[in-house]
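Trainee:
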Amino acid sequence: MEGTLVIDKPAGMSSHDVVARVRKIIATRRVGHTGTLDPFATGVLVVMIGKATRLMQFLSGAEKEYEAVIRLGYATDSGDRTGRRVSENDFQAKTQSIRQEDIEVAIQSLRGEIDQTPPMYSAKKVKGQKLYELARRGEEIERASVRVTISAFETIERDGELLKENEDGTRDLAVRVVCSAGTYVRTLAEDFGKRLGLGAHLAELRRTRAGAFKIEDANTLEQLSDLAESGLLEKSFTSADATLAHLPALDLNADDVRRVMNGLDLQVEQTVWPNRQAVRLRDESGELTAVGIYDETQKLVHPQVVLAN
Numbered sequence: 000m001e002g003t004l005v006i007d008k009p010a011g012m013s014s015h016d017v018v019a020r021v022r023k024i025i026a027t028r029r030v031g032h033t034g035t036l037d038p039f040a041t042g043v044l045v046v047m048i049g050k051a052t053r054l055m056q057f058l059s060g061a062e063k064e065y066e067a068v069i070r071l072g073y074a075t076d077s078g079d080r081t082g083r084r085v086s087e088n089d090f091q092a093k094t095q096s097i098r099q100e101d102i103e104v105a106i107q108s109l110r111g112e113i114d115q116t117p118p119m120y121s122a123k124k125v126k127g128q129k130l131y132e133l134a135r136r137g138e139e140i141e142r143a144s145v146r147v148t149i150s151a152f153e154t155i156e157r158d159g160e161l162l163k164e165n166e167d168g169t170r171d172l173a174v175r176v177v178c179s180a181g182t183y184v185r186t187l188a189e190d191f192g193k194r195l196g197l198g199a200h201l202a203e204l205r206r207t208r209a210g211a212f213k214i215e216d217a218n219t220l221e222q223l224s225d226l227a228e229s230g231l232l233e234k235s236f237t238s239a240d241a242t243l244a245h246l247p248a249l250d251l252n253a254d255d256v257r258r259v260m261n262g263l264d265l266q267v268e269q270t271v272w273p274n275r276q277a278v279r280l281r282d283e284s285g286e287l288t289a290v291g292i293y294d295e296t297q298k299l300v301h302p303q304v305v306l307a308n
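According to numbering that gives the first Met the number 0, the sequence shown is numbered sequentially starting from 0.
Structure representation (structure tokens):
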């Protein structure tokens, strides 16, 4: 068993929990995932099986797409609905005065390249320590801001309404976000609230795309289990080559395949690849033999990850 599965992660499970369930369903130990989702979030989790786990490094920078609900009224210490309320005891007047023009101005200011400060409740490490471990001890430390790209940030009307009224006086705004890897949508929600002059946090988060993998391609864990019991599991796998379809490819003859399998460089002359470009190296049947790194100066590709036996 090897290749890539797209799982529709349910709420209430960590990404690690999902990997553990997949291991059990397909009876394989070698399973990993790309792009952690918080336990309360749902949607696309890309899971890689067998030797394909060695390819995760080539997916780590994939663009992500989300549908989210930003709750306007108060902030939480985690930036999402699982956290403790930390602000705005008198928010009702502020939330009721929000206009559509205010929302659009705030959203516009958060599109494009922006700086984000990683939240304390995140798995990011600072000096070897995970931030969420410090946060759970009540500690907060300085974090360097990170440059991220928000390619799309737009509102979604639900039942013909832009803002949904909640019984506690808060208001919910549904949004679609397309962003670079490493973006925290929780932080985006908080910063959006700050632009409006009130607290905000993330009430719902669903990842609808990670790179080329879409929610339409995903199976739930229950569906995956049914496929395994029916002997149809392999039909849901994406091959190693198709997993890296976003990378340029070089088709090899038998001699080149032998060189690559021995870790020897391949000389290539006519290319338009940038330096350090990752390249798929395929055998004569189109199977992925290895992934190489292009050296623009020497005009060669060095095998970095060899999959073939």
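Glycine is no exception: its CB is placed at the ideal position from the N, C-alpha and C atoms.
(1) Work out the CA separation of threonine 81 and serine 224 for me, nearest whole Å.
(2) Are there three or more Cβ pairs, one per stretch, closer than 8 Å when the segment 211 to 221 is compared with the segment 177 to 186?
(3) Arginine 80 by DSSP, collapsed to three states: which one?
(4) The beta strand (DSSP E) spanning isoleucine 25 covers which residue range?
(5) Can we say the segment 62 to 72 touches the segment 234 to 248, given the rule of at least three CB pairs closer than 8 Å?
(6) Assign threonine 296 to one of two classes, buried (16 or more other C-beta atoms within 10 Å of its C-beta) or exposed (fewer than that).
(7) Need the endpoints of the beta strand (DSSP E) that isoleucine 149 sits in, please.
(8) In whole angstroms, what separates the C-alpha of threonine 35 from that of serine 14?
(9) By Cβ distance below 6 Å, which residues in the same chain neighbour glutamine 276 in space, the five residues on each side in sequence not counted?
(10) For valine 21 and glycine 230, what's the separation of their Cα atoms in angstroms?
(11) Can you give the Cα-Cα distance for glutamate 179 and valine 147, rounded to whole angstroms?
(12) Taking the beta strand (DSSP E) that serine 248 belongs to, which residues open and close that run?
(13) Could you tell me the distance, in whole angstroms, from the CA atom of threonine 288 to the CA atom of phenylalanine 57?
(14) Just verifying my parser: in three-state terms, what is the DSSP assignment at isoleucine 140?
(15) Indicate whether the contact test is met: 3 or more Cβ pairs, each with one atom in the segment 161 to 170 and one in the segment 135 to 142, closer than 8 Å.
(16) Name the DSSP bridge partner or partners of methionine 47?
(17) Using 9 Å as the threshold, is the C-beta distance between threonine 242 and leucine 44 below it?
(18) Run through the DSSP bridge pairs and tell me what leucine 160 is partnered with.
(19) On the DSSP bridge list, what partners appear for alanine 200?
(20) Based on the DSSP secondary-structure assignment, which residues constitute the bridge partners of glutamate 268?
(21) Kindly indicate which three-state DSSP category valine 278 falls into: helix, strand or coil?
(22) Using 9 Å as the threshold, is the C-beta distance between proline 38 and aspartate 7 below it?
(23) Please determine if the segment 186 to 198 and the segment 96 to 115 are in contact, where contact requires at least 3 C-beta pairs separated by less than 8 Å.
(24) From which residue to which residue does the beta strand (DSSP E) around threonine 288 run?
(25) What is the C-beta distance between valine 145 and proline 117, in whole angstroms, given that I count them as a contact (C-beta under 8 Å)?
(26) From alanine 10 to serine 121, what does the alpha carbon distance come to, in whole angstroms?
(27) Figure out for me which residue from Asp79, Phe90, Thr33 and Gly49 has the closest Cα to the Cα of lysine 63.
(28) List the DSSP bridge partners of threonine 75.
(29) With burial defined as no fewer than 16 other Cβ atoms inside 10 Å of the residue's Cβ, what is the status of alanine 26: buried or exposed?
(30) For lysine 124, does the three-state DSSP call read helix, strand or coil?
Mentor: If we stick to the structure as given:
(1) 29 Å
(2) For the pair of segments examined, the segment 211 to 221 was found not to touch the segment 177 to 186: the number of CB pairs separated by less than 8 Å stays below three.
(3) coil
(4) Careful: isoleucine 25 lies outside any beta strand (DSSP E), inside the alpha helix (DSSP H) at 14 to 25.
(5) no
(6) exposed
(7) Membership of isoleucine 149 in the beta strand (DSSP E) is indicated by the continuous run 145 to 155.
(8) 6 Å
(9) Only Tyr293 meet the Cβ criterion.
(10) 15 Å
(11) The question names glutamate, yet the displayed sequence has serine at residue 179. Whole-angstrom Cα-Cα distance: 6 Å.
(12) According to the sequence as given, residue 248 is alanine; it is not serine. Its beta strand (DSSP E) spans residues 248 to 250.
(13) The alpha-carbon atoms of threonine 288 and phenylalanine 57 are separated by roughly 15 Å.
(14) coil
(15) no
(16) Thr3 and Gly31, per the DSSP bridge assignment.
(17) no
(18) The sequence given here places glutamate at residue 160; leucine does not occur at that position. DSSP, once it has assigned bridges, lists Arg157 as partnering glutamate 160.
(19) It should be pointed out that residue 200 corresponds to histidine in this sequence rather than to alanine. Histidine 200 pairs with Arg70.
(20) BP columns for glutamate 268 are empty, so no partner.
(21) strand
(22) No, Cβ-Cβ distance for proline 38 and aspartate 7 is not below 9 Å.
(23) yes
(24) Where threonine 288 is concerned, the enclosing beta strand (DSSP E) starts and stops at 287 to 294.
(25) 6 Å
(26) Distance between the alpha carbons of alanine 10 and serine 121: 17 Å.
(27) With distances taken between Cα atoms, lysine 63 lies closest to Thr33.
(28) Arg84
(29) Exposed, since its Cβ has fewer than 16 Cβ neighbours within 10 Å.
(30) strand
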